[in-house]
Every structure is written in C-alpha cells, then in structure tokens.
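The block underneath contains the structure these notes are about, expressed in structure tokens.
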C-alpha cells in the first residue's frame, strides 16, 4: 500500500480514529465494571432497591 | 417484544444484555469489510491521491456527529413532552459519543485540509458550524456533570439540546448558503452522488461500520447510565436508613 507524499496525514488520521474509538470502548467498559462493582457492594451491605420485586436480569 | 416495552429500564437492561454480543459481532464484521475496502480496495483519487482514504473516516464521523445531536434532540422531546423514563438516559449516553465523532470529523478534516487546501483550518461556515457543534456537545456534558439531580439536569440539557438543534441545518446547508472553501454536498444531493462507485462503496462500508459502532456504544452507555442511577438511588436509601 503506497500512501504517497501525504502519508503522514493519512497515518495521523487513522491513528487518531483508533485512539478515539479505543477511548470510547475503554470508557464504556470501565464505567460498566465500576457501576456493577458499586451495585454489588451496596447489595452486599444489605441495601436493596425499592422496586427489588422486579426480576433483575442476570 | 414491542419497542414501547423497552421504556422500562429493567427491560432495557435485559435487551442490552441480549443484544450486546450481536452488536459487537456485527460491528467487528462491518469494520473488517470497511477497512479492507478503504485501505486495500479503494483506488487513489485522480486529484487527491491517497489522501482520499482520510474521507473514509471524515465523512462517517461528520454524519455521526450530527446524528448524535439529532438523536439527543428526539430524546429531549421525549424528556420534555412525554417524560419518557429512558429519554434523558439516551440523551446523556449519546453526548460523549457524538462529541468524540465530531472531534474526529474536525481532526481528520484538518489532516485532509493541510495537503489539499494548504491549511489546517479556515473560518468558513461549514468548519465553524461543526466547531460550534463540538462546543455545544461539551457544554451539554458539562451541564449534566454540574447538576447533581439527574432529572433536573436532564430537563435543562433537553432545553439546551433543542436550542442547539438549529445548528444541524446550518451545518448541512452552510455550503449552499455561503461561499465556503469546503466543497458542496457530493454524496446525498439532488441529481445523485458525484462520487465514483469505486470510492462510494468503501465510503458506505465505513459509514455502516461506524454507525454500528455508535449504536453499540450507545446501548452500552445507556446500560451504564441506568446502573449509575440505581447506584445513586440505593446510596440515598442507605443514607436515609443510616440517618433514621
């Protein structure tokens, strides 16, 4: 693949896209883990939701 | 399951759990095809040369930056008019994703502009209105972070979102209304696209891949926001119980 004389601009664009997409995926993944952990801690301390009669997904 | 059933946050969590593996698989598959098309199949443009490959990132990012705000505007109506339980969850989850794509649009446009126009930036109507969109995204994110109660934050952000929606037609038609360095519409226009099929197919392949990525991230971010509100509610119950 020959990117020609402007290769640095093309590579910079794809690198930026990779970083932005990886950042979004990391944000979603680590946020999910943090919320699940916080919910688990609260439940371990006996705190339940008012609507805890609703069946939760596994 | 009817779409209205997903209005229940618990049902939405169930839907997200079932849909997520399929969405991830579809996104990975779409990117495998899109990147293969963009990097190895698409020919160099007769004027732009290989820099046309930047367009396969720039154009989908531009579409999704606007799509994100459009989605937030519909959600804002859901918050203000119908008080839909998931409306401001959807809007809040879409904002960082839309902001990221708008940033990517501006960055890749700048990387394309330097070799093609001779400048990274020019204050023409299309570029400026796109920058305004990024600033509005950052403003809405800041608003959500500055108001503690999610309900109040959601209503305030909904008003700001609907006011900001006026920027969407300005972005779209700026190249027709003003004399801009940015080229006029070349994909969706009366009389058909002016782009050759050999470039158009990879462009659509990448657009589909990025759209699937947006949807996957949005569903995941909505799930996280629902869980965050549950944590907040349970912590308030815990604090009340400790006080009592």
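Protein chains in written order, with the working numbering: chain A, 1 to 58; chain B, 1 to 244.
Note that CB positions come from ideal geometry on N, CA and C, so glycine has one too.
Predicted model only: the values in this text are computed from it and were never measured.
Consult DSSP for residue 49 (chain B) and reduce its assignment to one of helix, strand or coil. Numbered from its first residue, the second chain carries residue 49 (chain B) at position 49. Residue 49 (chain B) falls in the strand class under three-state DSSP.
Going along chain B in order, which residues have a C-beta closer than 8 Å to the C-beta of residue 4 (chain A)? Against the first chain, residue 4 (chain A) aligns to sequence position 4. What residue 4 (chain A) touches in chain B: 44, 49, 50 and 51.
According to DSSP, is residue 58 (chain A) helix, strand or coil? For this step, residue 58 (chain A) is matched to residue 58 along the first chain. Bear in mind that a pLDDT of 41 at residue 58 (chain A), under 50, signals an unreliable position, so the model cannot answer this.
Apart from the five residues on each side of it in sequence, which residues of its chain come closer than 7 Å, Cβ to Cβ, to residue 58 (chain B)? Position 58 of the second chain, counted from the start, is the residue given in the question as residue 58 (chain B). The answer, listed in chain order, is 105, 108, 109 and 112.
From this set, B:230, B:161, B:125 and B:200, which residue's C-alpha is nearest residue 70 (chain B)'s C-alpha? Position 70 of the second chain, counted from the start, is the residue given in the question as residue 70 (chain B). Answer by Cα proximity: B:161.
Residue 122 (chain B) by DSSP, collapsed to three states: which one? Walking along the second chain from the start, residue 122 (chain B) turns up at place 122. If DSSP states are grouped into helix, strand and coil, residue 122 (chain B) belongs with coil.
Cβ shell of residue 157 (chain B) (< 6 Å), same chain only, five flanking positions each side left out: Residue 157 (chain B) sits at position 157 when you count from the first residue of the second chain. Taken in chain order, the residues that qualify are 140, 143 and 144.
Are there three or more Cβ pairs, one per stretch, closer than 8 Å when the stretch 186 to 203 of chain B is compared with the stretch 7 to 18 of chain A? At 8 Å Cβ cutoff, the stretches do not touch.
Beta-carbon of residue 121 (chain B) versus every beta-carbon of chain A: anything under 8 Å? Stepping through the second chain from its first residue, residue 121 (chain B) is reached at position 121. Not one chain A Cβ lies under 8 Å of residue 121 (chain B).
Span of the alpha helix (DSSP H), counted from its first residue to its last, around residue 41 (chain A): In the first chain, counting from the first residue as 1, residue 41 (chain A) sits at position 41. Membership of residue 41 (chain A) in the alpha helix (DSSP H) is indicated by the continuous run 7 to 44.
For chain B, find out if any of its Cβ atoms is closer than 8 Å to the Cβ of residue 38 (chain A); answer yes or no. Counting from 1 along the first chain, the entry for residue 38 (chain A) is found at position 38. At least one chain B Cβ lies under 8 Å of residue 38 (chain A).
Length at least 3, wholly inside the stretch 182 to 217 of chain B: the beta strand (DSSP E) runs in chain order: Fully enclosed beta strand (DSSP E) runs of 3 or longer: not present.
Is residue 44 (chain A) close to chain B, meaning its C-beta is less than 8 Å from at least one C-beta of that chain? Translated into positions along the first chain, residue 44 (chain A) becomes position 44. No - not a single Cβ of chain B is within 8 Å of the one on residue 44 (chain A).
Apart from the five residues on each side of it in sequence, which residues of its chain come closer than 6 Å, Cβ to Cβ, to residue 23 (chain B)? Here residue 23 (chain B) is taken as the residue at index 23 of the second chain, counted from 1. 216.
I need the boundaries of the alpha helix (DSSP H) containing residue 17 (chain B), first residue and last residue. The sequence position of residue 17 (chain B) within the second chain is 17, counting from 1. Start and end: 9 to 36.
Neighbourhood of residue 37 (chain B) by C-beta, 6 Å cutoff - its chain only, sequence neighbours within 5 removed: Here residue 37 (chain B) is taken as the residue at index 37 of the second chain, counted from 1. So the list reads 202 and 205, once near-sequence residues are dropped.
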